[in-house]
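Colleague: Last residue of the sequence shown: 359 (my numbering), numbering continuous.
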Amino acid sequence: MLPLLLTSVYTINMEEVGIDKTVKDSLNLHPRIMKALQKCGLHKISSILIYSTNDLCRMLHVSSQDVESLVSAASNAVLPSRPLVTVQELFMRQAELCNWGRLSWGCPILDAQLGGGVLVAGVTELSGVSGAGKTQLCLQLSLMAQLGKEQGGLKGGVAYISTEDAFPSRRLCQLADSFAESHRSGLTAKQMTDNIFIEHTGTVSALSVLLDYKLPSLLIQRNIKLIVVDSIAALFRAEYVPSQHSARAQLLRTIGSKLSYLSCKHSAAVVCVNQVTAAIDRESSNNPFQSTVLPSLGPSWADIPNMRVMLYRDELVTDGDLQMEVQSSQRYLQVLSAPHLPNITINYGIDSSGVHGTK
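1) From Thr124 to Val309, what does the alpha carbon distance come to, in whole angstroms?
2) What are the partner residues of Asn76, as DSSP defines its beta bridges?
3) Have a look at Leu322 and Ala189 and give me their C-alpha separation to the nearest angstrom.
4) In chain order, what residues of the same chain have a beta carbon less than 6 Å from the beta carbon of Thr292, not counting five sequence neighbours either side?
5) Applying the criterion that 16 or more other CB atoms from any shown protein chain within 10 Å of the CB defines a buried residue, is Ile304 buried or exposed?
6) The alpha helix (DSSP H) spanning Ser127 covers which residue range?
7) Under three-state DSSP, which class holds Asn392?
8) Just the C-alpha distance for Leu60 and Ile45, rounded to the nearest angstrom, thanks.
9) What span of residues does the beta strand (DSSP E) with Val228 cover, start to end?
10) Which residues does DSSP pair with Ile161 in a beta bridge?
11) Which of helix, strand or coil does DSSP assign to Leu322?
12) When DSSP builds the beta bridges, which residues end up paired with Ala278?
13) I'd like the span of the beta strand (DSSP E) that includes Tyr240, first residue to last.
14) Would you tell me roughly how many angstroms separate the C-alpha atoms of Val270 and Val71, rounded to the nearest one?
15) Excluding sequence positions up to five away, which residues of its chain have a Cβ less than 6 Å from the Cβ of Ala180?
16) Give me the Cα-Cα distance between Ser263 and Leu211, rounded to the nearest whole angstrom.
17) Mark Met14 as exposed unless 16 or more other C-beta atoms lie within 10 angstroms of its C-beta, in which case mark it buried.
18) Apply the 10 Å Cβ neighbour rule to Pro342 and answer buried if 16 or more other Cβ atoms are within range, or exposed otherwise.
19) Considering just the uninterrupted stretch of the alpha helix (DSSP H) at Tyr213, what are its terminal residues?
20) Going straight from the alpha carbon of Arg170 to that of Gly117, what length do you get?
21) Taking the CB atoms as reference points, tell me whether Val355 and Ser127 lie closer together than 7 Å.
22) Applying the criterion that 16 or more other CB atoms from any shown protein chain within 10 Å of the CB defines a buried residue, is Lys24 buried or exposed?
23) Can you look up His356 in the DSSP assignment and give me helix, strand or coil?
24) From the DSSP output, read off the bridge partner residues of Cys272.
25) Thinking Trp301 and Leu251 are a contact (beta carbons under 8 Å), I'd like their distance in whole angstroms, please.
26) What does DSSP give as the partner residues of Gly349 in its beta bridges?
27) Within the 7 Å Cβ cut-off, does Ala249 reach chain C?
28) Look at Ile224 and Leu218 and say whether their C-beta atoms are less than 7 Å apart.
29) State the Cα-Cα distance for the pair Ile101 and Ile48, rounded to the nearest angstrom.
30) Applying the criterion that 16 or more other CB atoms from any shown protein chain within 10 Å of the CB defines a buried residue, is Lys39 buried or exposed?
31) Which class does Ser329 belong to by DSSP, given the choice of helix, strand or coil?
32) By alpha-carbon positions, which one of Pro108, Gly133, Thr22 and Gln221 ends up nearest to Ala159?
33) Kindly list the residues whose CB is nearer than 6 Å to the CB of Tyr240, restricted to its own chain and excluding five residues on each side of it in sequence; keep chain order.
34) Beta carbon of Asp230, beta carbon of Ser296: below 7 Å?
See the structure below:
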């Protein structure tokens, strides 16, 4: 059985609700109630919903039954109620994951092991230690997204939201040169880099405004098919302390719901980079791939991504003359959770042409 998945996340979008609709144009009420509203100067739905039931009864001089029908009609005009979903319907929606579109990882080995690529609907999380290659994989996906579907792409633009260091434009240009030569899609390196729209965001509130207003317009105007947030953790770890856990959790879920909503509405893949935190009181294990770190942001964020992938980097060192010298690095990624994949571990490497799985 497929694990539970948030398949019907709904975010209130001001473009889609009728908070500013007029009573006359939107509500079909008894003439008695309409006359009372006009007499009190309540011409907009927003002016009705700010009052309590008792206040409306006193202001309009109508019965409580009339007020209940008024509030119900106003509420449905703002946000229409959705039909209930049965467990069987929810299960069938989860089963449809197998038919969702995919964005290739840009490597045949990774695609073969990871279900063909990143799921187009929903949020995919890439977490890992510093230097593991999270940003490099995001850059690779940003180039892949512009290729045609026959090459594993989505034939669309990319919105790259950077929240930490300066955007690695030099590395992107290096990868674009390699992609233009190896994939021969008809796109030049300059055309690929010109189709990646970068936005620097330094606060949670700025990210929320970006998701509410600027990004929805960009998705339509530029046919954006991949949204990257690099990283989601940086903003929340910088602005909130442990004592503000409740407020942080609420905002995390709001941001996650907005990303999921945009992904499903516009058929765009969403990739969020996450940092890691040290694991505490972890049971010992003989598994060589057992983690000593976990993705950050806790359970408030953990159930938002449909797919969670952890990247590791183990440095192999030698002790020469009492000095520890780095000899080489072993990189591997692990699927932490995904409704369509087992928890597998894959070795990978990074070179001038990108991120590649190794056998």
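By construction, the Cβ of each residue, glycine as well, lies at the ideal position given by its N, Cα and C atoms.
Modeller: Inspection of the coordinates gives the following:
1) 8 Å
2) In the DSSP output, where bridge partners are listed per residue, Asn76 has none listed.
3) Per-residue confidence for Leu322 stands at a pLDDT of 45, beneath the threshold of 50, marking its modelled position as unreliable; the derived number appears in the next sentence. Taking the straight line joining both Cα atoms gives about 47 Å.
4) Ala279
5) buried
6) Taken as a continuous stretch (DSSP letters only), Ser127 belongs to no alpha helix (DSSP H), being part of the beta strand (DSSP E) at Val123 to Gly128.
7) The question about residue 392 has no answer here: the residues shown for the chain are numbered 1 through 359.
8) 15 Å
9) Ile224 to Asp230
10) Glu199 and Val229
11) Because Leu322 sits at a pLDDT of 45, beneath the cut-off of 50, its placement in the model cannot be relied upon, and the following sentence gives the value as read from the coordinates. Note: Leu322 maps to coil in three-state DSSP.
12) Val293
13) Premise fails: Tyr240 is in no beta strand (DSSP E) and is neither H nor E.
14) 37 Å
15) Thr188 and Ala189
16) 11 Å
17) Because the pLDDT of Met14 is 40, which lies under 50, any placement of that residue in the model is unreliable, and the number read from its coordinates should be weighed accordingly. Looking at its Cβ environment, which holds fewer than 16 other Cβ atoms inside 10 Å, Met14 is exposed.
18) exposed
19) Where Tyr213 is concerned, there is no enclosing alpha helix (DSSP H), given that its DSSP letter is neither H nor E.
20) 25 Å
21) no
22) exposed
23) strand
24) Glu125 and Val229
25) In fact, because the Cβ distance is near 10 Å, the residues do not count as touching under 8 Å.
26) His356
27) Looking for chain C here will not work: only one protein chain is present.
28) yes
29) Note on identity: in this sequence residue 101 is Gly, with Ile being the wrong assignment. Rounded to the nearest angstrom, the two C-alpha atoms are 43 Å apart.
30) exposed
31) strand
32) Gln221
33) Arg248
34) no
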